[in-house]
Structure formats: C-alpha cells, structure tokens
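This report concerns only the one structure given below.
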Amino acid sequence: MINQQLIHPGSIVVIGGSNDVQKPGGAVLRNLIEGGFNGKLYVTNLKEPEVQGIRSYNDPSLLPDVDLAIIAIAAKYIPDTVELLVTQKNTRAFIILSAGFSEENQEGKVLEQKVVDSINQVSGSLIGPNCIGILTPFYHGVFTKPIPRLDPMGCDFISGSGATACFIMEAGIPNGLTFASVFSVGNSAQMGVEDILQYLDETFEPGKSSKVKLIYMENFSKPQLLLKHASSLVRKGCRIAAVKAGSSEAGSRAASSHTGALASPDVAVDALFRKAGIVRCYGREDLIAVASIFMHSELKGKNIGIITHAGGPAVMLTDALSNGGMNVPHIEGPAAKELLSQLFPGSSVANPIDFLATGTAQQLGNIIDYCETRFDTVDGMAVIFGTPGLNKVFDVYSVLDEKMKTAVKPIFSILPSILTAAPEIEDFISRGRIFFRDEVVFGNALARVYNTHRPFVEKSLIQEVDHNRIRNVINQAQDGFISPGEICELLDASGIRRAGEALVNTVKDAVKEAKVLRFPVVMKVVGPVHKSDVGGVVLNVKDEKAVTREFERMIRIQDTTAVLIQPMLSGTELFVGAKYEPKFGHMILCGLGGIFIEVLKDVAAGLTPLGKEEALFMIRNLKSYKIIKGVRGQKGVNEELFADVILKLSALLKSAPEIMELDFNPVLGKEDSITVVDARINLKKINAGTRFVGGIP
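Numbering (this note's numbering), first residue to last: 118 to 814.
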C-alpha cells in the first residue's frame with residue numbers, strides 16, 4: 118500500500134504550515150527545508166502570505182497538483198481537506214500529524230474512517246494520524262528532533278509510538294547508531310508496523326538496502342503478515358529486533374484449561390518472534406544494544422574473549438554472558454604464554470585478558486591479534502576500555518578502529534568513560550563506529566542475539582490425518598467441551614496414541630469394563646473441570662470390590678455425568694496443549710505434565726503450522742529437558758515420538774480450526790511410546806461473522 122509518492126515525492130505540501138517552529142506545522146516545514154528536500158515545496162496557511170520564505174496558499178483549492186500532503190491542522194477540518202486533495206490535486210500520499218482521532222473518542226474514530234475511505238478510493242497511502250511523521254533519504258517529514266544522519270546501511274526503524282521513536286534515536290545516536298529510515302505509524306488507520314515491514318521486504322535489494330530492522334509496537338493488527346515478511350527478511354540476510362509493549366494476561370484469567378491459563382497473549386508474541394527469527398527486546402536501551410550488535414559482523418560461535426584494563430566490569434560481563442548461555446573460555450598454552458610475555462607484570466591472559474590500567478594501545482593491538490589468529494577458542498572479542506582522565510586515549514580507540522577494519526571475528530567496544538573520554542569517543546564515532554556504554558546490557562543483548570533461532574521452515578511436514586473423519590466429528594459436536602467418545606474419535610483419526618478406556622454409568626458396567634481393561638485400572642469422573650480437586654481421580658484400583666466402592670463414591674460427586682476407566686499405565690508425565698489466540702492462530706504448548714504443569718509452569722509454545730525442527734526445538738528448550746532425557750538412572754522419553762504428537766496435533770488443528778482449547782494431560786512418555794491418558798477439547802463453531810487467520814477462526 119506504500120507508493121512512490123510517499124517514499125520519494127516530487128512535491129510536498131504542508132497543510133497548516135507555520136512561521137512558529139514550536140508548532141508541528143512550523144517544525145515539519147523547517148525540517149523539510151533544512152533537510153534539503155529538492156522537490157517542489159508548498160504551504161497552506163489561512164493567514165500568512167509567506168511562511169518560512171515559501172509562498173503560502175490561503176485556499177487549498179488554489180494549490181497545484183501535489184504528490185504528498187503533510188497535514189497539521191485540527192482534526193475536524195481534515196476529512197474535507199483530504200477529499201479535496203485526492204479529487205482535485207491528484208494527491209496520493211498523506212502524513213497526518215494531527216491528533217484528535219480514534220485515540221481520543223468515537224467522534225474522532227468516525228473522522229478517521231472518513232479520511233481512510235477517501236484515500237483508499239484512489240489507492241493512496243496514509244501514515245498516521247497522530248504520528249510524528251517519517252524520515253526517508255529523500256525528505257525529513259517529521260516535526261520532531263533529533264534527526265539522525267541517514268545512512269543507507271543504517272537501521273530501518275518502525276515505531277507505533279512517535280515519542281518512543283524520538284527517545285530511542287536520542288539514546289542511540291550518541292552511541293554511533295545510524296538510521297536508514299524512520300516510520301512512525303501513530304494510529305495506523307490505514308497502514309501499521311506490519312505493512313511497513315512488508316514494504317521493506319518487497320523492496321529489499323541485497324547490497325543496497327539496510328540489513329537491520331528495528332520495531333517498537335504496542336498492538337498487533339496483522340501478526341501473520343508480520344511473521345511472513347519478518348521471516349522472509351531474515352532469510353534474505355537481515356536481522357530484526359523488536360519491542361512489543363503492552364502485553365496483557367487478562368485474557369488468560371478466565372481460561373478453562375491448563376493451556377488457556379498458560380497461553381497468554383505475551384506467550385503468543387514470544388512464539389511468533391521465535392518462529393520469525395526476531396530478537397525480542399524489553400526496553401529502549403535493550404533495543405539499542407541489540408541494534409548495535411547487529412551493526413557488527415555476525416558472531417559465529419558463543420566463545421567470547423574479554424579484553425580489559427579494569428577487572429570489575431570484566432567480572433560483570435563474564436557473569437552476564439555465562440548466565441545467557443555464552444562461554445568465556447579459559448585461555449592457556451604456548452600462545453598464551455607468548456602473549457603474556459608482551460604485557461606488563463601482573464597482567465593475565467586466562468580470559469578475561471586483563472592488561473592492567475597501565476596497558477598501552479600497542480598491547481591492546483597485540484591482544485586483539487592473538488584473539489583473531491592464535492586463540493581458536495575465541496569467536497568474538499569484547500573490549501572494555503575507559504580512562505580515569507590522566508591521559509588521552511585517542512591512540513587506544515584508533516587501534517580499535519584499525520583492528521575492526523581487518524578482523525574477521527567481531528570486536529565489540531565497551532567504552533564507559535562517556536564524560537572523561539568524550540572527545541575520544543566522539544572521534545571514534547566519527548570513524549563510523551558504534552560503542553556500548555554498559556557491559557551487562559551488552560552481555561545480555563549479545564546472548565539473546567546469539568540464542569535467537571533462524572526462522573523455522575515455513576511449511577509443516579504435514580502428518581497424515583483422516584480429515585473426513587475429523588470433520589465428521591466436529592460437524593456433529595456441540596459447542597463447548599466435547600464428550601470422551603468424540604475425543605477418542607479425533608485422536609484416532611489423527612493417529613495420536615491414547616490409552617484404552619471405557620465410559621460407564623453403572624456399577625455393573627464399571628466392573629465389567631475394568632476386567633476387560635485388566636487390573637490395575639484408573640478411574641476418573643467425567644464432568645468436573647478439575648477432577649483431582651474433587652477427589653475425582655483414583656489410581657491403582659486393583660480389584661472388583663475397589664471398583665464398586667469407588668464408582669459409588671465418584672458418581673455422587675457434583676457435576677459428574679459418568680466415570681471413565683483406563684488401564685494403569687506408567688511413564689514420565691508430559692503435557693501437550695493448544696489454544697486459539699485471536700489474530701495469531703493456534704498455539705501449541707508442551708512441557709512436563711501432571712502436577713508439574715501447575716507447579717513449574719515450564720512450557721514451550723509454538724504457532725501452527727509446526728514442523729519437526731521447531732517441535733524438537735520446543736522440547737529441547739524446556740527447563741525440564743534433562744528429566745525428559747532421563748536423569749539419575751531413570752529412563753528418558755523418546756523425544757522423536759513426543760515431537761510426533763506435537764506435529765499430529767498441528768495437523769489436527771488444521772483440519773479442526775474450531776478447537777479453541779485443548780489439553781492432553783497427562784501424556785505418559787517412555788522410551789518406546791507416547792500415550793495420551795487424559796484429554797479435554799473445547800470447541801467453538803465457526804459462524805458467518807467469524808474472521809479467519811490462515812484458515813483459522
């Protein structure tokens with residue numbers, strides 16, 4: 118939906134331009150002029166004949182044709198102005214800075230929709246309303262400061278909040294972070310973050326387009342679109358970092374299953390970002406640190422050499438890296454002894470490599486050379502170098518710059534003396550370099566970048582399921598929790614192994630079926646949501662007398678409609694669940710089952726469709742994975758079969774998108790089998806008003 122008139126207009130009109138640069142209309146005009154826009158620039162102002170040296174049109178109807186309108190007038194006047202521009206002035210791109218629309222009240226929402234309708238009628242582009250504008254290589258269409266020096270290889274930055282965009286640039290620019298473009302989408306009345314990312318993907322040119330994309334967003338409108346184009350960009354060699362603020366767990370409080378309670382909207386965000394290969398950040402400084410790491414060459418391994426002349430920061434960085442799963446490997450051997458002989462007495466090369474406060478620029482250069490060519494256990498270097506102010510350190514930062522030009526392994530510069538060494542840091546930045554202010558923020562960010570997985574395969578290796586049989590069950594079932602018999606049909610049609618069972622309503626049938634299933638058996642009430650809380654689960658029932666006693670007790674429990682009998686099975690208790698999340702689609706969760714799901718809440722989540730690689734990734738990244746592998750003599754679980762259950766569930770959800778919540782808990786896992794022992798499935802039938810996400814309601 119983004120057009121050429123928005124990105125590279127030949128002419129721009131500022132509607133509501135002003136001589137007062139403390140007003141948005143005056144500030145944006147000043148920025149356009151100072152930014153050197155070389156097209157035709159027009160202004161409308163009802164009172165002034167000339168604004169900032171440019172002829173002012175008191176009546177917009179007198180304007181010539183114009184590509185882009187940047188609007189800074191009261192909201193109530195904007196719909197008519199937009200209609201005039203699209204119908205009489207051939208305007209096809211709009212940036213509306215003004216507030217007073219859907220973010221304010223229902224009346225504003227109506228005004229906003231009128232504007233969108235007018236622009237859509239001519240296939241135009243709209244940014245905003247209620248935004249700061251956009252920055253492209255061709256014009257500075259914002260009313261705010263700072264305005265970064267635009268670099269084609271800097272970061273493309275998309276923000277749902279104008280103020281946050283300013284604050285992020287304010288903090289990033291002094292660190293040397295550069296930007297290629299900035300888009301503030303405001304209310305996203307027509308185009309949001311996802312649409313801008315789509316444009317960046319569809320226009321990406323290797324060697325010409327920026328490889329770094331930054332996102333700040335508070336709301337998802339099209340998460341599937343974001344997933345598609347983010348994963349596409351990452352596969353093209355780009356790297357993406359995003360802050361998703363405003364996640365709420367309110368929707369999970371009313372959930373009627375373990376899965377529903379665990380699968381908050383924020384879990385869906387994590388699953389989407391992981392599937393797309395996006396590094397999730399949790400604040401402005403975090404986003405800046407990750408972006409700065411992206412601007413360096415890619416780290417190929419997790420072994421970091423820490424080079425420092427200050428012990429404390431090196432210890433804190435070591436902790437941060439280790440806690441994030443990175444390595445600070447011990448360095449020893451002949452090459453280490455050789456390097457140590459070139460440093461002052463008291464230095465250490467064990468890693469961290471500490472060459473003392475008296476260390477020289479030449480020593481730093483030697484250390485970097487050894488890490489680059491002699492120490493094979495080092496994949497990247499973090500250099501911490503500040504100054505107490507006794508001497509200038511231009512030579513040290515110059516060596517850093519020179520080594521960064523030739524090194525294959527990435528070198529990250531942590532320069533904490535932002536006041537004492539301000540001139541030296543300014544010189545370092547002028548060479549096109551980026552630095553980090555804080556070693557712990559850097560260490561946490563580096564670990565997250567390294568541990569972010571590449572996008573998983575786009576299409577699931579679809580398991581064979583009996584689609585017609587599944588649809589027959591779904592079509593005949595009622596909304597709400599379906600019966601055990603219907604659940605068995607769905608599991609069998611999906612090829613998911615389940616425990617043998619019998620549903621009984623009388624003592625006679627209970628005894629009969631228990632004998633068929635063979636003692637010992639498990640007895641469970643059917644009806645109550647939490648069976649164990651009401652004494653509705655009995656294990657290891659060994660004979661007919663016990664079956665009779667337990668049936669007569671259980672059938673009297675409130676809400677009980679029948680009793681389910683299953684053979685007593687053994688194995689590690691696992692959990693697999695699914696939940697439909699509006700706009701995102703279905704999430705599948707897995708972890709340890711039984712009481713562990715309630716106590717540990719250790720689950721991994723993935724968005725459907727899932728392939729085997731992602732299913733195994735989910736399992737292997739559980740905190741409890743060692744239990745699944747088998748510990749202290751206990752036999753482990755066949756994780757290939759565990760992943761197979763996840764894949765078959767993914768296929769079931771594709772055939773039955775009406776499933777809103779699903780619990781397989783417990784699932785008993787052994788070395789040679791994975792068996793679903795208990796299952797609950799909640800349906801909501803599709804109706805005419807239901808919207809679809811990839812075939813999912």
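By construction, the Cβ of each residue, glycine as well, lies at the ideal position given by its N, Cα and C atoms.
Predicted, not measured: the structure shown is a model, and the values here were computed from it.
- Item | Proximity to E661 [Cα-Cα], best of V628, I674 and F668 | E661 has its Cα closest to that of V628, out of V628, I674 and F668.
- For A773, collect the residues of the same chain with a Cβ closer than 6 Å to its Cβ; drop the 5 residues on either side in sequence, then sort them by chain order. Cβ neighbours of A773 beyond the five flanking positions: I587 and I591.
- Message: With three or more C-beta pairs closer than 8 Å as the rule, is the region 403 to 418 touching the region 557 to 571?
- Response: Short answer: they touch.
- Query: Who are the near neighbours of G134 in its chain, counting only those whose CB is closer than 6 Å to its CB and skipping five residues on each side?
  - Reply: Correct list, in chain order: G142, L146, V160, N162 and V168.
- Query: Looking at the structure shown, is P684 part of a helix, part of a strand, or coil, going by DSSP?
  - Reply: Looking at P684 - three-state DSSP - the assignment turns out to be strand.
- Spatial neighbours of D789 within its chain, please: CB distance less than 7 Å, with the 5 preceding and 5 following residues excluded, ordered by chain position. Listed in chain order, the non-local C-beta contacts of D789 below 7 Å within the same chain comprise N755, local neighbours out to five positions each way being set aside.
- Message: Rounded to the nearest angstrom, what separates S779 and E606 at their Cα positions?
- Response: The sequence as given places Leu at residue 779; Ser does not occur at that position. The C-alpha of E606 is placed about 15 Å away from the C-alpha of L779.
- Query: So, helix, strand or coil for D387, using DSSP?
  - Reply: Helix.
- Task: Kindly indicate which three-state DSSP category A358 falls into: helix, strand or coil?
- Result: Correct three-state label for A358: strand.
- beta strand (DSSP E) containing I705: first to last residue? Its beta strand (DSSP E) spans residues G702 to L709.
- Task: Buried or exposed for N508, please, with buried defined as at least 16 other CB atoms from any protein chain shown within 10 angstroms of its CB.
- Result: Per the 10 Å Cβ criterion, exposed.
- Query: What's the C-alpha gap between K140 and E221?
  - Reply: The straight-line gap from Cα to Cα measures roughly 20 Å.
- Check E778 in the structure and name its three-state DSSP category. Reduced to three states, the DSSP call for E778 is strand.
- Message: Excluding the 5 residues flanking K417 on each side, which residues of the same chain have their C-beta closer than 7 Å to its C-beta?
- Response: Only D496 meet the Cβ criterion.
- Query: When DSSP labels each residue in this structure, what does L727 get in the three-state scheme?
  - Reply: If DSSP states are grouped into helix, strand and coil, L727 belongs with coil.
- Query: Hey, is the region 279 to 289 in contact with the region 217 to 237, meaning 3+ C-beta pairs nearer than 8 Å?
  - Reply: The region 217 to 237 and the region 279 to 289 do not touch, with fewer than three beta-carbon pairs separated by less than 8 Å.
- Message: According to DSSP, simplified to helix, strand and coil, what is E455?
- Response: Helix, per DSSP.
- Task: Under 6 Å Cβ to Cβ from I187, same chain only, skipping five residues before and after it: list those, please.
- Result: V131, V145, I212 and G258, listed in sequence order.
- Task: Reducing DSSP to helix, strand and coil, say where T281 ends up.
- Result: When secondary structure is reduced to three states using DSSP, T281 falls in the helix class.
- Item | L473 versus S464: straight-line alpha-carbon distance, rounded | Cα to Cα, the separation comes out at about 6 Å.
- Message: I need the boundaries of the alpha helix (DSSP H) containing P141, first residue and last residue.
- Response: Where P141 is concerned, the enclosing alpha helix (DSSP H) stretches over P141 to E151.
- Do V532 and A538 have their C-beta atoms closer together than 8 Å? With the sequence shown as reference, residue 532 is identified as Leu, and Val is not the correct amino acid for it. In contact: L532 and A538 (Cβ atoms closer than 8 Å).
- Query: Residues in its own chain within less than 6 Å of D137 by CB, not counting five upstream and five downstream?
  - Reply: G143, listed in sequence order.
- Rounded to a whole number of angstroms, what is the C-alpha to C-alpha distance between P166 and S173? Cα to Cα, P166 sits roughly 5 Å from S173.
- Query: Should R615 go down as buried or exposed, given a rule of 16 or more other Cβ atoms within 10 Å for buried?
  - Reply: R615 comes out buried.
- Message: Measuring only the C-alpha atoms, how far is C707 from P340?
- Response: Cα to Cα, C707 sits roughly 22 Å from P340.
- Message: Measuring only the C-alpha atoms, how far is A388 from F321?
- Response: Roughly 25 Å between the two C-alpha positions.
- Message: Just verifying my parser: in three-state terms, what is the DSSP assignment at D815?
- Response: Outside the displayed range of the chain (118 to 814) lies residue 815, so it cannot be described from this structure.
- Message: On the DSSP bridge list, what partners appear for T689?
- Response: DSSP, once it has assigned bridges, lists G786 as partnering T689.
- Item | Inter-residue spacing [alpha-carbon to alpha-carbon] between P269 and G293 | Whole-angstrom Cα-Cα distance: 15 Å.
- Beta bridge counterpart(s) of F598 as assigned by DSSP: BP columns for F598 point to N799.
- Message: Check this for me: beta carbons of A732 and A760, under 8 Å apart or not?
- Response: A contact, by the Cβ cut-off of 8 Å.
- Could you pull out every residue in the same chain whose Cβ sits closer than 7 Å to the Cβ of V624, ignoring the five residues on either side in sequence? If we look at V624 and ignore the five residues flanking it on each side, its Cβ neighbours are T665, F668 and E669.
- Message: Which of the three DSSP states is assigned to R172 in this structure?
- Response: Taken through DSSP and simplified to helix, strand or coil, R172 comes out as strand.
- Take V716 and list the residues in its own chain whose beta-carbon comes closer than 7 Å to its own, dropping the five residues that flank it on each side. Here the set comprises nothing.
- Name the DSSP bridge partner or partners of S64? Residue 64 is absent from the model: the chain starts at 118 and stops at 814.
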